[in-house]
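**Q** Going from the sequence shown to the working numbering is simple: count from 1 and add 4.
Just so you know, even glycine gets a beta-carbon here, dropped at the ideal spot from N, CA and C.
Sending over a structure as structure tokens; questions will come in a sec.
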Amino acid sequence: MKKIKVKLAKNSYSILVAKLSYQEIADRISKTEFNKNLLIVADENVNSEWGEYIRKPFEGYKNKIEFYDLKAGENSKSYIELNNIYSFLIDKNFGRDTLIIAIGGGVTGDLVGYAASTFMRGIQLIHVPTTLLSAVDSSIGGKTGINFNNRKNMIGSFFQPKLVLIDTNFLSTLPQSEMISGIGEIVKYTYLSPDDFFDFAKSNLDKALLNDEEVIHEFILRSAAIKAAVVSQDGKESNLRKILNLGHTFGHAIESDLNFEIKHGQAVLSGLISALYLSNKIGILKKNRMRKLLSLPLSIKLPSKLSALDEMNMINIMQMDKKNRDGKINFVLLSEIGNILIDVQTGEKDVLDSISSMKESFKKDSL
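Below, the structure is given as structure tokens:
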């Protein structure tokens, strides 16, 4: 089992990565300071595929345990579903001595994490990601939240888990669309890392799309280590952690404009492409390097729905982005692998042109 540490001034925790590691979860809880009264939340798709696997470690569990079946999909990141979880906790007489375990993808982790951060002013939380995207990104770092008024993650909090347990066995049944979604975030990490991660990812992309266990394991370890290192230095996105938003200002606007009808990682891939074009348009990324860096995301087929994006509506959505200051859109851009610029402001025309270039690139290379 591989261990990666998120080192914080308060509430440090471990990320554990291994196949079948979930089967040890009940024993791990019993031998730690974790609360023993458990609420386990998994979405209906995960329960359908993995329900018996999820429950098996808790056979004969001596303390209080309840299971909550969450409706799958982005629409669950809402006040309605949040209130349903609160009501369930209250109806089942859970108190502050509760440990809530979120088993699922980013929607489950974000929603359940926010519920954990606010119920009785905070109860313990464990993330068990079951998608590649949540394993490499959303389960790590303590970001929680729900969507509001068709805006991504507008309501939320920073709340660190007690543990992130990545059992790669859960990834064995993922469809290729989910693998692509996770790879979207992994591509982002290849731009953040000054080592050979970009070349490794490009050389092994085909294997990753076929869910090759060794390649996926390496992708997770490298990505999780990068995020853990960044979060350890900046837990609440005051400065350095902003680099993790590379591609996300565009990506969140793409998701919202398309009414969340594409997966988050697909939107991130599109956002990364847009960010590379914008980096070149404002003169910080040379054209030959842009083409090199575009070669990875453009080798991944993305949905044809992207051709229907409304550029001006995206601008309006981006003006509501949480990273903005003084009414100006702040972008995260790059001049080279490992050299990321935060809080970059530019003209509307450059942004519109970058979105148009992204759309045109799919017509040529991806669709």
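1) Starting from Met318 and walking both ways along the alpha helix (DSSP H), at which residues does that stretch end?
2) Going by the DSSP bridge assignment, what does Leu338 pair with across the sheet?
3) Nearest-angstrom Cα distance between Glu241 and Ile230?
4) Just tell me which of Thr112, Leu86 and Tyr57 has its CA closest to the CA of Thr122.
5) Tell me which residues share the same chain as Met294 and place their Cβ nearer than 8 Å to its Cβ, disregarding the 5 neighbours each side in the sequence.
6) Whose C-alpha, out of Leu42, Asn41 and Glu56, is nearest the C-alpha of Glu48?
7) According to DSSP, is Pro61 part of a helix, a strand, or is it coil?
8) Among the candidates Asp203, Leu225 and Lys156, whose CA atom is the shortest distance from the CA of Lys327?
9) Let me check one thing: in DSSP terms, what residues is Glu70 bridge-paired to?
10) How many angstroms separate the CA atom of Val21 from the CA atom of Ile359?
11) Across which residues does DSSP place Thr148 in a beta bridge pair?
12) Buried or exposed: Ile33, going by 16 or more other Cβ atoms within 10 Å of its Cβ?
13) Whose C-beta lies closer than 7 Å to the C-beta of Phe98 among residues of the same chain, with five residues either side of it excluded?
14) Excluding five sequence neighbours on each side, which residues of the same chain lie with their C-beta closer than 8 Å to the C-beta of Tyr193?
15) Measure the C-alpha to C-alpha separation of Tyr195 and Leu337 and round it to an integer number of angstroms.
16) Quick one: what's Val132 bridged to in DSSP?
17) Would you call the CB atoms of Gln270 and Pro307 closer than 8 Å?
18) Determine whether the beta carbon atoms of Val168 and Ile104 lie at a separation below 8 Å.
19) Please tell me whether Ser242 has its Cβ less than 8 Å away from any Cβ of chain D.
20) What do you reckon, are the CB atoms on Lys305 and Asn173 nearer than 8 Å?
21) Quick check: what's the CA-CA separation for Phe264 versus Asp238?
**A** Taking the coordinates as given:
1) As a first step, residue 318 must be located in the sequence shown, where it is residue number 314. Met318 -> alpha helix (DSSP H) spans Glu315 to Met322.
2) Position 334 of the sequence shown, counted from the first residue, corresponds to residue 338. Paired residue(s): Ile344.
3) Indexing the sequence shown from 1 puts residue 241 at position 237. Indexing the sequence shown from 1 puts residue 230 at position 226. For Glu241 and Ile230, the gap between their C-alpha atoms comes out near 15 Å.
4) Start at 1 with the first residue of the sequence shown, and residue 122 comes out as number 118. Closest by alpha carbon: Leu86.
5) Residue mapping note: residue 294 aligns to position 290 of the sequence shown, counting from 1. Here the set comprises Leu280, Tyr281, Ser283 and Asn284.
6) As a position in the sequence shown, residue 48 is number 44, starting the count at 1. The shortest C-alpha separation from Glu48 is found at Glu56.
7) Within the sequence shown, numbered from 1, the residue matching residue 61 stands at position 57. Pro61 falls in the helix class under three-state DSSP.
8) Within the sequence shown, residue 327 is the residue found at index 323, counting from 1. Cα-wise, what sits closest to Lys327 is Lys156.
9) Translated into the one-based positions of the sequence shown, residue 70 becomes position 66. Leu43, per the DSSP bridge assignment.
10) On the sequence shown, residue 21 is found 17 positions in, with the first residue counted as 1. On the sequence shown, residue 359 is found 355 positions in, with the first residue counted as 1. So the two alpha carbons sit approximately 37 Å from each other.
11) Here residue 148 corresponds to residue number 144 of the sequence shown, with the count starting at 1. In DSSP, Thr148 forms a bridge with Ser161.
12) In the sequence shown, counting from the first residue as 1, residue 33 sits at position 29. Buried: at least 16 other Cβ atoms inside 10 Å.
13) Numbered from its first residue, the sequence shown carries residue 98 at position 94. Result list for Phe98: Asn41 and Leu43, in chain order.
14) Position 189 of the sequence shown, counted from the first residue, corresponds to residue 193. Around Tyr193: Val140, Phe201, Arg226, Ser227, Ile230 and Lys231.
15) The residue labelled residue 195 in the question sits at position 191 within the sequence shown. The residue labelled residue 337 in the question sits at position 333 within the sequence shown. So the alpha carbons of these two residues sit roughly 10 Å apart.
16) As a working note, residue 132 is residue 128 in the sequence shown. Partner(s): Ile107.
17) Taking the first residue of the sequence shown as 1, we reach residue 270 at position 266. Taking the first residue of the sequence shown as 1, we reach residue 307 at position 303. Closer than 8 Å, so yes.
18) For the purposes of this step, residue 168 is identified with residue 164 of the sequence shown, where counting begins at 1. For the purposes of this step, residue 104 is identified with residue 100 of the sequence shown, where counting begins at 1. Not closer than 8 Å, so no.
19) Within the model displayed, chain D is absent; a lone protein chain is all it includes.
20) Mapped onto the sequence shown, residue 305 falls at position 301. Mapped onto the sequence shown, residue 173 falls at position 169. Their beta carbons are not under 8 Å apart, which means Lys305 does not touch Asn173 by this criterion.
21) Locating residue 264 in the sequence shown gives position 260, counting from the first residue. Locating residue 238 in the sequence shown gives position 234, counting from the first residue. So the two alpha carbons sit approximately 29 Å from each other.
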